[in-house]
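Here is the structure we will look at, set down as structure tokens.
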Amino acid sequence: MNRLFNPLFYLVLVLFFSIGLFAQTVDLTAIDRAIEKTRTDWQIPGVAVAIVKDGKLIHAKGYGTRTIDKDEPVDENTLFAVASNSKAFTVSLLGILVDAGKLRWDDKVVDHLPNFQMFDPYVTREMTVRDLVTHRSGLPTFGGDHIWIGNSLSSDEILARLRHLEPNGLFRSSYHYQNLMFMVAGMVYEKISGEKWGEAVEKHLFKPLGMNRSNTSIRALANDKNVASPHEPRNGKTVPVAYDLLDNVAPAAAVNASVADMSKWMQLHLNNGKVGDSQIISAKVVREMQAIYNPIPISEAAENLYGRKFSGAGMGWFISNYGGYKTVSHGGGMSGMISLQTLIPEADFGVMVVTNYAPDSPTRAITNLILDAFFQPETAEKRNWSAELLEQVNKQHQKSELAENELAAQRIKNTKPSLPLDEYTGTYFDAFSGNAEVRLEKGNLVFDYNPRHLGDLTHWHADIFRVVWRDPIFDMPAKSFISFRINEKGEVVSLETSFYDPITFERKHDSQK
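Every number in our numbering is 181 more than the matching position in the sequence shown, counting from 1.
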């Protein structure tokens, strides 16, 4: 038979040339312009982007500067904190143990960490390694994060307090994003392997992949000149802020990397765990990581804005859709740094976006404009993601202002605290959180839990005070309330406030301090 007239051969030929032309049909200079426009729209000091397709790095570039108002250009090798994009590194390490027959995903945590204890004894007994890395512990979203942000507690000390952290959802029946469970997952790895988490990431992942710029602690950034500085909007201006020290929850958030290095990481997970001739993690583990174990409800806004049809937590990843494609993605956020990594496995495509600026809308805008350019060019010509998300953020700001006005309207005027201010001072205690102090400074009350939860109090009404945080955490309200409870003897016995979730501190008597 003449092969030129074989329909199957003709189809293969068409597909071959279609795939070969895929990347060539995308105007990368137009993408460049759109990224730079987004950067200036949002007043972001620096951005870096990497795009991989068909096993190759087809675009890696920096935009803007490492530090605002300084002539220090960002490039593809500039180091950024990728924060929660570290979670897939932790799961990959666990996957190496699974491949070696040293661990099963459904092993009970207590079988490896006998001192692991949750609030509910049933959950303590039944919690598996898979539960740890799929956000189904029942603990609150970001619950307990205040214990490590700004604190010097070790992971062992945090683990010992977990039994005091109350859930607000059902075990295995609810989705609540959790960092502390990934800390525990890293501890499971360390116990089984005998290796420290950071050393293991370096040995088993960074080195085999050639991720030579990457590290697992901000302590390693001190002697590197090509490092982005974190920035946040404060009082209408973009200003540099300090890096968060994440060593005590490193398996959840501590990786620092360049987009050039992260392109190698994306290719590993697009290539079924293989780099060159080396199988770093098995294809089976990669598939397991990219499956849904915990469905996540889709909001009307997410469906309307992003066309989201399904969503769920995998192991170290989130699984959803972009148009008709399955996406495997994860974001990362810390003070002044945001990252977003998105893979489309069936198209052998990945994009990594990092900014030295929080919040996260710009990374989503840049990611979506790139996805549109490659997969929906007709949409790319019509849609301005930066403008859409800016409008959303502005609407949210307006809602926040309205909410603030409503609070002010509900305030009871002309009230005074029940007691002299010095009667509110003292040490307050919560079994999970530890001590917090209320003291007087220049005649005003100050609440001090740790440097990132340090705030100035002004009287609101009755025994409720407004607290303004001196160094606010980017995804927490800059203002909150502290309510003091007074007993029938006229003594302050406790205070209630909210970090990521409500918390009550009991006042210590002098004999307990």
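The beta carbon of each residue, even a glycine, is placed where N, CA and C say it ideally should be.
Q) Cβ atoms of residue 220 and residue 474: under 8 Å apart, would you say? A) Position 293 of the sequence shown, counted from the start, is the residue given in the question as residue 474. Position 39 of the sequence shown, counted from the start, is the residue given in the question as residue 220. No, the pair does not count as a contact, with Cβ atoms beyond the cut-off.
Q) If you count every other CB in all the chains shown that lies within 10 Å of the CB of residue 448, and 16 or more means buried, which is it? A) Position 267 of the sequence shown holds residue 448. The residue in question, residue 448, is buried, as its Cβ has 16 or more Cβ neighbours within 10 Å.
Q: Just the C-alpha distance for residue 502 and residue 523, rounded to the nearest angstrom, thanks.
A: Reading the sequence shown from its first residue, position 321 is the one you call residue 502. Reading the sequence shown from its first residue, position 342 is the one you call residue 523. For residue 502 and residue 523, the distance between alpha carbons rounds to 10 Å.
Q: State yes or no: is the C-beta of residue 366 within less than 8 Å of the C-beta of residue 321?
A: In the sequence shown, residue 366 corresponds to position 185, counting from 1. In the sequence shown, residue 321 corresponds to position 140, counting from 1. The answer is no: Cβ separation not under 8 Å.
Q: Under 8 Å by Cβ, that's how I've got residue 635 and residue 222 pegged, so tell me the actual separation to the nearest angstrom.
A: To locate residue 635, count along the sequence shown from 1; it is residue 454. To locate residue 222, count along the sequence shown from 1; it is residue 41. Between residue 222 and residue 635 the Cβ distance is about 33 Å, and since that is not below 8 Å, they are no contact.
Q | Own chain, CB closer than 8 Å to residue 401, minus 5 neighbours either side, in chain order | A | Counting from one through the sequence shown, the residue named residue 401 turns up at place 220. Once the five neighbours on either side are set aside, the close Cβ partners of residue 401 are 437.
(Q) As a quick exercise: from 647, 652, 673 and 477, pick the residue whose alpha carbon is nearest that of residue 416. (A) Walking along the sequence shown from the start, residue 416 turns up at place 235. Among 647, 652, 673 and 477, the Cα nearest to that of residue 416 belongs to 652.
Q) My guess is that residue 248 and residue 410 are in contact by the Cβ rule of under 8 Å, so how many angstroms apart are they, rounded? A) Residue numbering aside, residue 248 sits at position 67 when the sequence shown is read from its first letter. Residue numbering aside, residue 410 sits at position 229 when the sequence shown is read from its first letter. Contact holds; Cβ gap of about 4 Å.
Q.
Quick check: what's the CA-CA separation for residue 544 versus residue 598?
A. Position 363 of the sequence shown, counted from the first residue, corresponds to residue 544. Position 417 of the sequence shown, counted from the first residue, corresponds to residue 598. The straight-line gap from Cα to Cα measures roughly 45 Å.
Q) When you compare each of 278, 285, 359 and 339 to residue 317 by their alpha carbons, which one comes out closest? A) As a working note, residue 317 is residue 136 in the sequence shown. Residue 317 has its Cα closest to that of 359, out of 278, 285, 359 and 339.
Q.
I'd like to check one pair, residue 343 with residue 299: are the Cβ atoms closer than 8 Å?
A. Taking the sequence shown and counting its residues from 1, one reaches residue 299 at position 118. Taking the sequence shown and counting its residues from 1, one reaches residue 343 at position 162. In this structure, residue 299 sits near residue 343, with a CB-CB distance shorter than 8 Å.
Q) Beta carbon of residue 269, beta carbon of residue 513: below 8 Å? A) Walking along the sequence shown from the start, residue 269 turns up at place 88. Walking along the sequence shown from the start, residue 513 turns up at place 332. Contact flag unset, no.
Q | Cβ-based burial, residue 380 [other Cβ within 10 Å; buried from 16] | A | Along the sequence shown, read from residue 1 onward, the residue named residue 380 stands at position 199. Exposed, since its Cβ has fewer than 16 Cβ neighbours within 10 Å.
Q. Got a sec? Which residues, its chain only, sit under 7 Å from residue 204 by beta carbon, not counting five neighbours each side?
A. As a working mapping, residue 204 is identified with position 23 in the sequence shown. At residue 204, the pLDDT of 45 sits below 50, so the modelled position is not reliable and the matter cannot be decided from this model.
Q. When the Cα of residue 585 is compared with those of 564, 533, 658 and 626, which residue comes out closest?
A. By 1-based counting over the sequence shown, the position of residue 585 is 404. Comparing Cα positions, the closest option is 658.
Q.
Suppose you measure from the CA of residue 442 to the CA of residue 481; what does that come to, to the nearest Å?
A. The residue given as residue 442 occupies position 261 in the sequence shown. The residue given as residue 481 occupies position 300 in the sequence shown. One C-alpha to the other measures close to 36 Å.
Q. Can you list the alpha helix (DSSP H) stretches of 4 or more residues lying completely in the region 361-439, in chain order?
A. The region 361-439 contains these whole alpha helix (DSSP H) runs: 361-374, 378-382 and 431-434.
Q) Helix, strand or coil for residue 452 per DSSP? A) For the purposes of this step, residue 452 is taken as the residue at position 271 of the sequence shown. Coil at residue 452, not helix or strand.
Q) Mind pulling the beta strand (DSSP E) runs of 3 or more residues that sit fully within the region 223-251? A) 227-234 and 237-245
Q) So what does DSSP say about residue 605, is it helix, strand or coil? A) Numbered from its first residue, the sequence shown carries residue 605 at position 424. Note: residue 605 maps to helix in three-state DSSP.
Q: Pull up the distance between the alpha-carbon of residue 425 and that of residue 295, whole angstroms please.
A: The residue you call residue 425 lines up with position 244 of the sequence shown. The residue you call residue 295 lines up with position 114 of the sequence shown. C-alpha separation (whole angstroms): 30 Å.
Q: Please work out which residues of its chain come closer than 6 Å, Cβ to Cβ, to residue 267, disregarding the five sequence neighbours upstream and downstream, and give them in chain order.
A: Taking the first residue of the sequence shown as 1, we reach residue 267 at position 86. Here the set comprises 434, 435 and 436.
Q. How about residue 655 and residue 539: are their beta carbons less than 8 Å apart?
A. Indexing the sequence shown from 1 puts residue 655 at position 474. Indexing the sequence shown from 1 puts residue 539 at position 358. Cβ atoms of residue 655 and residue 539: closer than 8 Å.
Q.
Mapping the DSSP letters down to three states, classify residue 447 as helix, strand or coil.
A. Reading the sequence shown from its first residue, position 266 is the one you call residue 447. Helix.
Q: Could you check how far apart the C-beta atoms of residue 643 and residue 684 are, in whole angstroms? I think they sit under 8 Å.
A: Sequence index remark: in the sequence shown, residue 643 carries index 462 (1-based). Sequence index remark: in the sequence shown, residue 684 carries index 503 (1-based). The Cβ separation is near 20 Å, so there is no contact.
Q) Between 617, 518, 479 and 674, which lies nearest to residue 422 when the distance is taken from Cα to Cα? A) Against the sequence shown, residue 422 aligns to sequence position 241. Comparing Cα-Cα distances from residue 422 to each of 617, 518, 479 and 674, the minimum goes to 518.
Q | Ranges of the beta strand (DSSP E) found wholly within the region 487-554, counting only runs of at least 3 | A | 499-503, 506-515, 518-525 and 530-536
Q | Span of the beta strand (DSSP E) around residue 636 | A | By one-based count along the sequence shown, residue 636 stands at place 455. That run of the beta strand (DSSP E) goes 635-642.
Q: May I ask you to report which of helix, strand or coil DSSP gives residue 616?
A: For the purposes of this step, residue 616 is taken as residue 435 along the sequence shown, with counting starting at 1. The answer is strand: DSSP assigns residue 616 an E or B state.
Q: Please list, in chain order, all residues of the same chain as residue 224 whose beta carbon is under 6 Å from its beta carbon, the five residues on each side excluded.
A: If you number the sequence shown from 1, residue 224 lands on position 43. Once the five neighbours on either side are set aside, the close Cβ partners of residue 224 are 419.
Q) Which residues in the same chain have their Cβ closer than 7 Å to the Cβ of residue 346, if we skip the five residues on either side of it in sequence? A) Sequence index remark: in the sequence shown, residue 346 carries index 165 (1-based). Only 300, 320, 324, 325 and 613 meet the Cβ criterion.
Q: Check each candidate in 261, 619, 535 and 276 and name the one with the smallest Cα separation from residue 695.
A: This structure does not reach residue 695, given that the chain is present from 182 up to 694, and the question cannot be answered.
(Q) Taking the straight line between their C-alpha atoms, what separation do you get for residue 202 and residue 215? (A) Taking the sequence shown and counting its residues from 1, the one referred to as residue 202 is at position 21. Taking the sequence shown and counting its residues from 1, the one referred to as residue 215 is at position 34. Only weak support is given to the placement of residue 202: the predicted model assigns it a pLDDT of 41, under 50, and the value that follows is read from those uncertain coordinates. Cα-Cα distance, rounded: 22 Å.
Q.
Just verifying my parser: in three-state terms, what is the DSSP assignment at residue 589?
A. Within the sequence shown, the letter at position 408 stands for residue 589. Helix at residue 589.
Q | CB of residue 521 within 8 Å of CB of residue 560, strictly | A | Taking the first residue of the sequence shown as 1, we reach residue 521 at position 340. Taking the first residue of the sequence shown as 1, we reach residue 560 at position 379. Their beta carbons are not under 8 Å apart, which means residue 521 does not touch residue 560 by this criterion.
**Q.** Same chain, Cβ closer than 6 Å to residue 483, neighbours up to 5 away in sequence not counted
**A.** Translated into positions along the sequence shown, residue 483 becomes position 302. The residues are 489.
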